[in-house]
Amino acid sequence: MAIYIPFIFFLILPWVFGFYFNLSTIGTDDANRFINTSGDAYITSEGIQVTPNDRNMALGGKTGRATYVQPLHLWDKTSGNLADFTTHFSFVIDSSGNYSYADGLAFFLAPINSSVTRNEGGVGLGLASGNRTSNSSGNQFVAVEFDTFPNDWDPSMTHVGININSMKSVTTAPWWNNITQGKENDAWISYNSSLRSLGVVFTGFSSDNIQQGSLNYVVDLRDYLPEWVTFGFSAATGDWFEKNNIKSWDFSSSLQADLTPGSTPDPPIVNTEKKKKELHPNKSESWEKVHPNKSVLGEGPSKESSEKVQKLHRHTSVSPSPTPLSPSPTSSSLLSTPPSPFRRRLLRPVVDATVAEPLSMISS
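Written as structure tokens, this is what we have:
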């Protein structure tokens, strides 16, 4: 019916944009196709190694990032509308039996072309560097951290925190875990644009029993982040080692945008001009011969891929989220309810990084 409506009505009908992906088992084939890595991060058959797990190299003082290949349209400049989004990921933080470990893992949103940062001790988790770890004016990010080392500004135990432009969290919750044995955990992060509520539900372990925790914080993301953002994971290790591993990841978003002609620009072009030798100095030319159609890790999409990315953001539909299970009562009114942490998805990604479903138009 929508295609037969006179053009004048398109000036007043709101449109909903969004995308959905489900990386149920992350492996090497997902590099560059779905996930870009930078710093010390890389992808193996076991998932995203946000910090290295290679015993043949020094494991302390490492910092890495892994982000989705496309930027997220977080809010619409013309209408001022904010996106709703929900993400779920399973992850492992493993100290290989050591009781001294650091520093943690974070899911984050940051401006396009934001780059991984390094500092002594790993306190910035790749998001803040040097003396800017607690300086909100020198950073620009919103993150949910799984902090494994108590710094001066932290609670005295491992915790989950919501961070805004600073490594000092605006709110925290205890995180009971089993890092020494490398138990797998789950996290659900949702943003409700109507309530301006960022909520987190997460699992952990206490005496080998699964525990669930939650926290939320009211924040208008437009006050801290630009219209388009990059999003993904960041982690760091200091003098002590831990593996920071993402096993699976799914994400969905929806944004009601103004489609007045000329009001919705194409997504910005991500600056991916990085030299292959800087990121992978030991890669031989034979790797390119074996993988002629793959770009180098961290190098970003090709020209053809970039054109498809732009097409995707103009012609993307909203895909339904998985069937949810009610979270804890303290967060039920603020969170998009997460699926069960005990259920594992068996499907490969339903949306290719360069292929989108037809556009959906939803009128108010």
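Heads up: the sequence shown runs through residues 1 to 364, numbered per full-length UniProt numbering.
Just so it is clear, CB atoms sit at the ideal spot from N, CA and C, and this is done for glycine as well.
What you are looking at is a predicted structure, and each value in this text was computed from that prediction instead of being measured.
Specify, as a first and last residue, the run of the beta strand (DSSP E) that residue i falls within.
i                 : result
threonine 44      : 42-44
serine 169        : Here serine 169 belongs to no beta strand (DSSP E), and DSSP marks it neither H nor E.
glutamate 242     : Here glutamate 242 belongs to no beta strand (DSSP E), and DSSP marks it neither H nor E.
phenylalanine 108 : 104-111
isoleucine 93     : 84-94
glycine 39        : 35-39
tyrosine 68       : 63-68
aspartate 147     : 142-147
Just verifying my parser: in three-state terms, what is the DSSP assignment at residue i?
i             : result
arginine 222  : helix
threonine 25  : coil
glutamine 211 : strand
glutamine 49  : strand
threonine 180 : helix
aspartate 30  : helix
glycine 138   : helix
alanine 128   : coil
valine 116    : coil
glycine 161   : strand
aspartate 250 : strand
asparagine 81 : coil
Taking only the alpha-carbon atoms, compute the straight-line gap between residue i and residue j and give it to the nearest angstrom.
i                 : j                 : result
alanine 173       : threonine 44      : 31 Å
serine 340        : glutamate 184     : Reliability fails at serine 340, whose pLDDT of 40 lies under 50, so the model's placement of it is uncertain and the value that follows must be treated cautiously. Roughly 14 Å between the two C-alpha positions.
phenylalanine 17  : valine 229        : 15 Å
valine 160        : isoleucine 93     : 13 Å
leucine 127       : asparagine 139    : 8 Å
valine 50         : glutamine 256     : 33 Å
serine 169        : leucine 23        : 29 Å
phenylalanine 19  : tyrosine 101      : 36 Å
residue 375       : asparagine 163    : Summary: the structure shown does not reach residue 375, with the chain confined to residues 1 through 364, and so no result is reported for it.
asparagine 113    : serine 207        : 42 Å
leucine 72        : phenylalanine 205 : 32 Å
asparagine 244    : tyrosine 191      : 24 Å
aspartate 30      : aspartate 250     : 13 Å
alanine 110       : alanine 66        : 12 Å
asparagine 32     : glycine 39        : 15 Å
glycine 182       : glycine 80        : 43 Å
valine 218        : leucine 105       : 22 Å
aspartate 76      : tyrosine 42       : 33 Å
tryptophan 15     : glycine 97        : 51 Å
proline 226       : valine 142        : 11 Å
threonine 203     : tryptophan 188    : 9 Å
serine 200        : serine 248        : The residue you asked about is not serine; residue 200 is valine in the sequence shown. Computed Cα separation, rounded: 17 Å.
glycine 180       : serine 166        : Here residue 180 turns out to be threonine, not glycine, going by the sequence shown. Approximately 28 Å, taken between the alpha carbons.
aspartate 152     : threonine 171     : 15 Å
leucine 198       : aspartate 154     : 20 Å
asparagine 178    : aspartate 258     : 47 Å
serine 254        : isoleucine 26     : 24 Å
phenylalanine 91  : leucine 221       : 25 Å
tryptophan 175    : methionine 157    : 8 Å
phenylalanine 85  : phenylalanine 149 : 29 Å
phenylalanine 108 : glutamate 242     : 20 Å
tyrosine 99       : isoleucine 48     : 23 Å
threonine 37      : leucine 82        : 27 Å
residue 367       : valine 144        : Residue coverage of the chain in this structure runs from 1 to 364, which leaves residue 367 outside it and unanswerable.
glycine 238       : lysine 62         : 7 Å
aspartate 147     : serine 193        : 26 Å
aspartate 186     : phenylalanine 89  : 6 Å
leucine 74        : tyrosine 224      : 11 Å
Could you pull the DSSP bridge partners for residue i from this structure?
i              : result
serine 194     : Answer is none; serine 194 lacks a bridge partner.
tryptophan 228 : His73
leucine 255    : Phe17
glycine 204    : Gln211
tryptophan 188 : His88, Val201
tyrosine 99    : Paired residue(s): none; tyrosine 99 is not in a bridge.
serine 234     : Arg65, Ala106
asparagine 151 : Paired residue(s): none; asparagine 151 is not in a bridge.
So that I know if they touch, is there some Cβ in chain C lying closer than 8 Å to that of residue i?
i           : result
tyrosine 42 : Considering every chain present, this structure includes no chain C. It has just one protein chain.
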